[in-house]
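Asker:
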Amino acid sequence: MASLTTAADEKRANSERRFLDLIGGNANEIGKSEMQQKVNVVVEREGIEGLAKSLNTAGHTLQIIIDGLTQPEGYDIRKDFEKPDFKRSIVCLEDLSIGTVLTGRVENATLFGVFVDIGVGRAGLIPIRSITEDKLSKVKKRRSLSLGPGEKVEVTVREIDIPRSRITLDLIRVL
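Each residue of the sequence shown is one higher than the one before, counting from 97 in the numbering used here.
(1) Quick check: the Cα distance between residue 164 and residue 268, rounded to an integer number of angstroms?
(2) Could you please give the first and the last residue of the uninterrupted beta strand (DSSP E) stretch that includes residue 250?
(3) Does the count of Cβ pairs from the region 124-131 and the region 107-115 closer than 8 Å reach three?
(4) Straight-line CA distance for residue 205 to residue 157?
(5) Going by other Cβ atoms of all chains shown within 10 Å of its Cβ, with 16 needed for buried, is residue 137 buried or exposed?
(6) Note the first and the last residue of the continuous beta strand (DSSP E) segment covering residue 210.
(7) Taking the C-alpha atoms as reference points, what is the distance between residue 183 and residue 194?
(8) Could you check the C-alpha separation between residue 118 and residue 153 for me, to the nearest Å?
(9) I think residue 197 touches residue 166, with their Cβ atoms under 8 Å apart; what is that distance to the nearest whole Å?
(10) Identify every run of the alpha helix (DSSP H) within the region 115-169, keeping only runs that are complete inside it and at least 4 residues long; order them along the chain.
(11) Report all residues from its chain with a CB closer than 7 Å to the CB of residue 261; omit the five preceding and five following residues, and keep chain order.
(12) Given residue 210, which residues of its chain have a CB within under 6 Å of its CB, disregarding the five upstream and five downstream residues?
What follows is the structure, given as structure tokens:
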């Protein structure tokens with residue numbers, strides 16, 4: 097699986113480099129107003145889908161690249177997230193038990209699953225196979241069966257591996 101992740105990361109990085117070349121930008125301008133101006137000019141002229149096609153990438157991938165290049169320096173998407181309601185009696189890995197229902201906040205999404213902060217100092221993993229359409233919110237429009245950073249979820253603890261500090265979760269629903 098690591099090779100797939102590496103290949104996907106490399107493809108995205110190549111798209112980023114090609115996009116920077118296309119707009120005449122460089123890595124030193126990331127997060128600065130010069131980058132925002134260059135991006136705006138090209139996007140207004142060619143549109144996201146047109147640019148994506150010319151860069152041989154998907155429109156949503158290009159939008160992620162643009163968002164990353166134009167965020168202000170030091171910007172952290174997580175600072176605006178609402179804090180989840182953690183159970184006060186569960187504060188560390190040892191307090192968990194299989195079958196416990198918890199709420200948490202998505203920290204990161206990967207090709208193999210979604211990492212969720214459940215308040216024990218270590219994120220738990222919802223494997224991608226556990227994320228099904230019937231468990232996702234019907235209110236939020238989605239492009240894929242994925243969860244994004246900041247989303248609040250209800251999960252069940254499925255496995256606990258204390259020696260390796262790993263927690264496997266099962267998604268109940270998106271809150």
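For glycine and all other residues, C-beta sits at the position ideal for the given N, C-alpha and C.
Answerer: Result, derived from the coordinates:
(1) 31 Å
(2) Taken as a continuous stretch (DSSP letters only), the beta strand (DSSP E) holding residue 250 covers 248-257.
(3) Look at the beta carbons and you see the region 124-131 not touching the region 107-115: under three pairs across the two are nearer than 8 Å.
(4) 14 Å
(5) exposed
(6) 209-213
(7) 15 Å
(8) 14 Å
(9) Not quite, the Cβ-Cβ distance comes to about 39 Å (not below 8 Å), so this is no contact.
(10) 129-142, 144-150, 155-166
(11) 189, 218
(12) 202, 222, 243
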